[in-house]
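**Q** My questions will all concern the structure given below.
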Amino acid sequence: MGIFGPLDAHPQGRIEADEEEDAEGEEIIEEEVTRKRAPQQLSNVSPAKRQRLSNGLENGADAPAAVTVPASAPTATTATGTGTDSTTAAPAPVTTPMEIDNQPDNHAYPSPLEGEQAPEPVVRTDGPEQGTQVDKVEELAPETTFIRLVYDGQNQIQGNRGATPSPSSPSGQDNAPILLRCEWNPRDPSILAAGGTDALARVWTVPRAGPIEPGQDHVSLQGHSLIDRDVPRDTITTAMSWTSDGAAIAVATDSRNHASINVWSAEGAHLQSMELSEPPIIKMLWNPNNTALLAISPDKGGTLITVHYPPAGNSLSYVLPDHNIDATPFDAAWTGEAEFLLCGGDLMLCLQCTETTIVQARKFETKDDDLFSQVLFDGRSRLAATSSDKGTLDLWDESGQRRSISAHQGTITAMQWQPLPENQSGPDDERLIATGGDDCAILIWNARMPESKPKCFLTMDSPIMRLAFTPDGAFIAGATSTQILIWKVGSYAVPRASWSRPVHPGWLSPKASAETDEEDEHCLCWDADGHKLAYGSNSRLAIINFRR
């Protein structure tokens, strides 16, 4: 007898009895658990994982090697063409190794990853540099054709396959023209005008958007010249402007220190000529009813503002003697049939045309450090927008009140109001304007609430050269020197499409050295339907088909 009870070193009988009771209890519990589990469907577990896990030792280490299926467990069924056959495996003890020892995926328990999966969330960003994008961005390179700028009497349009330089391609001639201007007809989506150096001023009829046929490198291109055949080869087209109805186009040229403006019909008929005293004409635009044409040019160290009336043949002029446009370029925007805004440097004016002269209607209050470079007027909101080399976007109302936005870090290189169809009014509390800058960003602002943050912040891989809304305002394209991205307005997370320009020496400026990729001008504009995008730089002009 011990302190805590009798000293029985081997209570064999009692141990065996306890083991038998425990075994019976475990078997009852196991069968009950199995019975309850049988009807349950584990939707997130593969069929191979739905068997009961066992360590194979419940019935002793010496039991025969077989898989035990409790009587209450579901039977295995085999589907046939005429019915279903049911078979039930006979109960047997198990001594096979643990199932977890032989799982091919090393999962000890049924993995929820093997069952039906919920869709993964789409990762979205505000631009290609912000993170991983899951949504597919359409690549538009296969939908690209190239217009040959060299006129050889048989102008053609090159398909994307025709990347090999031809005898008349830009890489094959040192005197290839440099593209300076490119504008679609605002009404006819098949008419494209372009101008530049080497007497380049032409209108082409571009085929409607469609895939390039395999093996077809060239498609015949109709067109006509917007310049007289006898002009010198070194003539430069400095400005172009379509009338709003697309019926006529004005072309400004600089030929051996002689400036002129010629008006042509969309079909190529010459309508009228106007001469100016000093080239170049840096800006030209029609008033809203297409009766007056404004032109900006130098004049004896100052700036000459001329308003031509082609139907009548007369013109009005206004001189700013102390403002040299070589040092401070000017920009202008019509606000009505006879009134327009003029800005440049720290100067902001509203000028009005009378029957006999041009008078100053208002001089806006500005700051000494203002550096205005662009001005745009929006007829819907009656707001004017100016951009500056300091990255400031200014919004001006009709009373002259100014609201400034620090939009970009560096120069604002591009700016455009969102166009809206005439029959679409838009929200009363929203009017969108987009800006692009040297900081590689495109921002879209609500001009009615300039104190708020931008509606979106889009980024590209290099400085923004141009941006353009489709005519209906549904999409916006941003262009750098090597890439174009297209976003749907209101859905900015992922670009809808992208385009990267192919390697070709015609993209590079003749002024470029081996150490720099200097480029002079870039053009970007949509056709009237918003289905074709023209992108030009130096000696190359690409027509990019965009399928909405």
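Per full-length UniProt numbering, residue 1 is the first one in the sequence shown, and the count goes up by one each step. Where a beta carbon is used, it is the ideal one built from N, C-alpha and C, also for glycine. Keep in mind the model is a prediction, meaning the values are calculated, not measured.
1. Quick check: what's the CA-CA separation for LEU376 versus ASP230?
2. Return the chain-ordered list of same chain residues with a C-beta closer than 7 Å to the C-beta of GLU267, the five sequence neighbours on each side being excluded.
3. What first and last residue would you give for the beta strand (DSSP E) that runs through CYS343?
4. Locate the beta strand (DSSP E) running through TYR318, then write down its first and last residues.
5. Who are the Cβ neighbours of SER255 in its own chain at under 7 Å, not counting the five residues just before and after it?
6. Are the stretch 309-318 and the stretch 351-359 touching, with three or more C-beta to C-beta distances below 8 Å?
7. Taking Cβ positions, are VAL203 and LEU180 nearer each other than 9 Å?
8. Is TYR109 buried or exposed, if buried means 16 or more other CB atoms sit within 10 Å of its CB?
9. Which one of ILE281, LYS300, HIS408 has the shortest CA to CA distance from PHE457?
10. Measuring only the C-alpha atoms, how far is PRO463 from ILE442?
11. For TRP507, report the span of its beta strand (DSSP E) as first-last.
12. Let me see if you follow: with CB-CB separation under 9 Å, is THR335 close to chain C or not?
13. GLN416 to HIS258, Cα distance in whole Å?
14. For a test of the three-state rule: what should DSSP assign to GLU451, helix, strand or coil?
15. Could you give the uninterrupted runs of the beta strand (DSSP E) lying entirely in the stretch 455-485, keeping only those of 3 residues or more?
16. Taking the beta strand (DSSP E) that ALA361 falls in, what are its first and last residues?
17. List in chain order: all unbroken beta strand (DSSP E) runs of 3+ residues lying wholly within the stretch 229-267.
18. For the beta strand (DSSP E) that contains LEU383, what are its first and last residues?
19. With contact counted as at least three CB pairs below 8 Å, one residue from each stretch, are the stretch 276-291 and the stretch 335-346 in contact?
20. In chain order, what residues of the same chain lie with their CB nearer than 6 Å to the CB of ARG466, ignoring the 5 residues before and after it?
21. Expressed to the nearest angstrom, what Euclidean distance is found between the alpha-carbon atoms of ALA333 and ASP394?
22. Skipping 5 residues on each side, what residues in its chain have a beta carbon closer than 6 Å to that of ASP370?
23. Within the same chain, show all residues whose beta-carbon is closer than 6 Å to that of LEU140, passing over the 5 residues directly before and after it, in chain order.
**A** On the basis of the supplied data:
1. Here residue 376 is taken as the residue at index 376 of the sequence shown, counted from 1. Here residue 230 is taken as the residue at index 230 of the sequence shown, counted from 1. Rounded to whole angstroms, LEU376 to ASP230 spans 37 Å at the Cα level.
2. Along the sequence shown, one-based indexing puts residue 267 at 267. So no residue of the chain qualifies.
3. If you number the sequence shown from 1, residue 343 lands on position 343. For CYS343, the uninterrupted beta strand (DSSP E) run begins and ends at 339-344, by DSSP.
4. Looking up residue 318 in the sequence shown gives position 318. First-last of the beta strand (DSSP E) with TYR318: 314-320.
5. Walking along the sequence shown from the start, residue 255 turns up at place 255. Excluding sequence neighbours, SER255 sits near VAL231, PRO232, THR235.
6. The answer is yes - the stretch 351-359 touches the stretch 309-318, with three or more Cβ pairs under 8 Å.
7. Position 203 of the sequence shown holds residue 203. Position 180 of the sequence shown holds residue 180. No.
8. Within the sequence shown, numbered from 1, the residue matching residue 109 stands at position 109. Annotation note: pLDDT 46 at TYR109 (below 50); position unreliable, no value reported.
9. As a working note, residue 457 is residue 457 in the sequence shown. It is HIS408 whose Cα lies nearest to the Cα of PHE457.
10. To locate residue 463, count along the sequence shown from 1; it is residue 463. To locate residue 442, count along the sequence shown from 1; it is residue 442. One C-alpha to the other measures close to 10 Å.
11. By 1-based counting over the sequence shown, the position of residue 507 is 507. DSSP places TRP507 outside any beta strand (DSSP E), giving it a letter other than H or E.
12. The question asks about chain C, but that chain is absent: this structure has only one protein chain.
13. Sequence index remark: in the sequence shown, residue 416 carries index 416 (1-based). Sequence index remark: in the sequence shown, residue 258 carries index 258 (1-based). Their backbone Cα atoms lie some 32 Å apart in a straight line.
14. Translated into the one-based positions of the sequence shown, residue 451 becomes position 451. DSSP places GLU451 in coil when its eight states are reduced to three.
15. 456-459, 466-469, 475-479
16. Working through the sequence shown from its first residue, we reach residue 361 at position 361. Run containing ALA361: 358-363, per the beta strand (DSSP E) assignment.
17. 236-242, 248-254, 259-265
18. Position 383 of the sequence shown, counting from 1, holds the residue named residue 383. Unbroken beta strand (DSSP E) run through LEU383: 383-388.
19. yes
20. Taking the first residue of the sequence shown as 1, we reach residue 466 at position 466. ALA414, ALA479, HIS522, LEU524, listed in sequence order.
21. In the sequence shown, the residue the question calls residue 333 occupies position 333. In the sequence shown, the residue the question calls residue 394 occupies position 394. Their backbone Cα atoms lie some 15 Å apart in a straight line.
22. As a first step, residue 370 must be located in the sequence shown, where it is residue number 370. Closer than 6 Å at the Cβ level, and outside the excluded window around ASP370, lie ASP346.
23. Taking the first residue of the sequence shown as position 1, residue 140 is located at position 140. Closer than 6 Å at the Cβ level, and outside the excluded window around LEU140, lie ALA497, TRP499, ILE544.
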